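Numbering (UniProt numbering), first residue to last: 1 to 470. A short write-up of the structure that comes next.
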């Protein structure tokens, strides 16, 4: 099996003395005997796990959050960010509790324990759909490449071209076009970082990624405060502006965006498996959620405060306009460059589960993925190539975020954990758990059906308006 754990899951507090007793690892054995050729691994630290999970959460979704404030208003928007954080914590708690009860050590094996082989396969397909086909979430790997191209080489929104950093510095040339920029970043940065076999090996790049997200936030806050002091910022809207049925339905479209922004479930088991002290996984999850919620709230608040109703679906595109302050152009470039670097470091942490689940889907009975180097290399190169090709054909970040959140991401984040709880194969769920699970499923299904309908209606309406008449 390529999914599972190398060590039986017991009530354990330390893994310092654990040795290999099985042949089923999620990607790489925690420890190998001296003659196996791997360095001894004594477990990941609390801090490293928090950074890895935080990077999984933050990703690229942060750029869409200020636009949700434009739809919901500050009060309801911030309340929704906090609410979704608590709901995400509850869904992850379901995963961990039922994993312990079933002695499973991966999301796929948990679904297999609850629903059999087809449950595991369905989970793996959803991870692939969420991270390749739908493609615009943080943990959605096309998105990272698409955004990277947007940041460095430019993008267009509502028919207006927004120059990228390289285009602004050097003018428009073939070597700073979208395709060439993606080739360079893929070969020079993404590919080397995707070759690590342990998720804990990415703790330093994850820490730097979080730091770069904070740099982006600090610059945004500073610009907003300067403009607030100068009196050039209008009072932001506190509540949603609902004037007709269409605007009412549009409120629901932000729910999938928020759900997508918090999806980290597919990395929780991998991080837990490598922790030195497995009892720390719940504090790790809550610390990461608290950190990311703070970043999300501040980014949403100050981003919407800074740009108001002019906030674009991808707020990064707002940072190529005249900010009306000294050194505005320099600050614009600093924001976009810091975010570009952040995205480069997000990619490997979200590529990890994609490779793991692809291998588990294609080779369910094979040895652990890390042991045969040829299969590991083939899977890695094949996926990166597929991602690169797809990244050049994604036109709109907002549409992709909405449809991603409306499909596989909601299944991964809420429907699957709730379904496992309702299945209750080990008879450990309380009445409160089952009520919460039903609420998760109803909320996820209802909000996303409405979101898909609203998005489709808006797209058809836009096409009918822009369609030339004879």
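Glycine included, C-beta positions come from ideal geometry on N, C-alpha and C. Bear in mind that the values here come from a model prediction, so they are computed numbers and not experimental data.
Residues that residue i bridges to, as DSSP identifies them
i, result
"residue 44", "275"
Classification of residue i by the beta-carbon crowding that lies within 10 angstroms, buried from 16 upward
i, result
"residue 456", "exposed"
"residue 123", "buried"
"residue 500", "Because the chain is modelled from 1 through 470, residue 500 falls outside the range shown and cannot be assessed."
"residue 425", "exposed"
"residue 266", "buried"
"residue 147", "Any answer about residue 147 is weak, because its pLDDT of 49 lies below 50 and its placement is not dependable; what the coordinates show is given next. Label assigned to residue 147: buried."
"residue 70", "buried"
"residue 382", "exposed"
"residue 23", "Any reading at residue 23 must be qualified, since the residue scores a pLDDT of 38, below 50, and its modelled position is unreliable; the value itself is stated next. With fewer than 16 other Cβ atoms within 10 Å, it is exposed."
"residue 358", "buried"
"residue 320", "buried"
"residue 222", "exposed"
"residue 200", "buried"
"residue 326", "exposed"
"residue 62", "buried"
"residue 378", "exposed"
"residue 433", "buried"
"residue 181", "buried"
"residue 476", "There is no way to answer for residue 476, as the model of the chain reaches only from 1 to 470."
"residue 309", "exposed"
"residue 127", "buried"
"residue 192", "exposed"
"residue 461", "exposed"
"residue 322", "exposed"
"residue 512", "Because the chain here runs from 1 to 470, residue 512 falls outside it and cannot be looked at."
"residue 313", "buried"
"residue 116", "exposed"
"residue 278", "buried"
"residue 145", "With a pLDDT of only 47 at residue 145, under the threshold of 50, the placement of this residue in the model should not be trusted, and no figure is reported."
Residue i and residue j closer than 8 Å at C-beta
i, j, result
"residue 275", "residue 102", "no"
"residue 471", "residue 202", "The requested residue 471 is not part of the displayed model; the chain covers only 1 to 470."
"residue 237", "residue 73", "yes"
"residue 67", "residue 311", "yes"
"residue 50", "residue 292", "no"
"residue 361", "residue 121", "yes"
"residue 227", "residue 328", "no"
"residue 81", "residue 263", "no"
"residue 284", "residue 46", "yes"
"residue 295", "residue 303", "no"
"residue 305", "residue 233", "yes"
"residue 409", "residue 255", "no"
"residue 380", "residue 129", "no"
"residue 113", "residue 104", "yes"
"residue 83", "residue 417", "no"
"residue 384", "residue 190", "yes"
"residue 388", "residue 205", "no"
"residue 96", "residue 282", "yes"
"residue 239", "residue 422", "no"
"residue 318", "residue 307", "yes"
"residue 196", "residue 348", "yes"
"residue 54", "residue 215", "no"
"residue 299", "residue 243", "no"
"residue 420", "residue 252", "no"
Beta carbon proximity, residue i to chain D, threshold 8 Å
i, result
"residue 76", "In the structure shown, chain D cannot be found, because there is only a single protein chain."
Residue i Cβ short of 7 Å to the ligand HEM heavy atom set
i, result
"residue 323", "Among the components modelled here there is no ligand, and therefore nothing to report on the ligand HEM."
Segment contact, 8 Å Cβ cut-off, at least three pairs: the stretch 335-346 with the stretch 108-127
no
Do the stretch 327-339 and the stretch 86-96 touch if we need at least three Cβ pairs shorter than 8 Å?
no
Would you be able to state if there are at least three C-beta pairs under 8 Å between the stretch 441-450 and the stretch 411-420?
yes
Minimum length 3: unbroken beta strand (DSSP E) runs contained in the stretch 295-380:
The qualifying runs do not exist here; there are none.
Is the stretch 250-270 touching the stretch 346-362 in the sense that three or more CB pairs, one from each, lie closer than 8 Å?
yes
Any chance you could list the alpha helix (DSSP H) runs of at least 4 consecutive residues sitting entirely within the stretch 197-270, in chain order?
203-230, 245-250, 254-262
Whether or not the stretch 206-224 and the stretch 291-310 are in contact is what I'm after, with contact meaning three or more pairs of Cβ atoms, one per stretch, closer than 8 Å; do they touch?
By the C-beta criterion, the stretch 291-310 is judged to be in contact with the stretch 206-224, since at least 3 inter-stretch pairs fall below 8 Å.
Please give the ranges of any alpha helix (DSSP H) in the stretch 43-112, keeping only runs that are unbroken, at least 4 residues long and fully inside the region.
46-58, 65-72, 74-102
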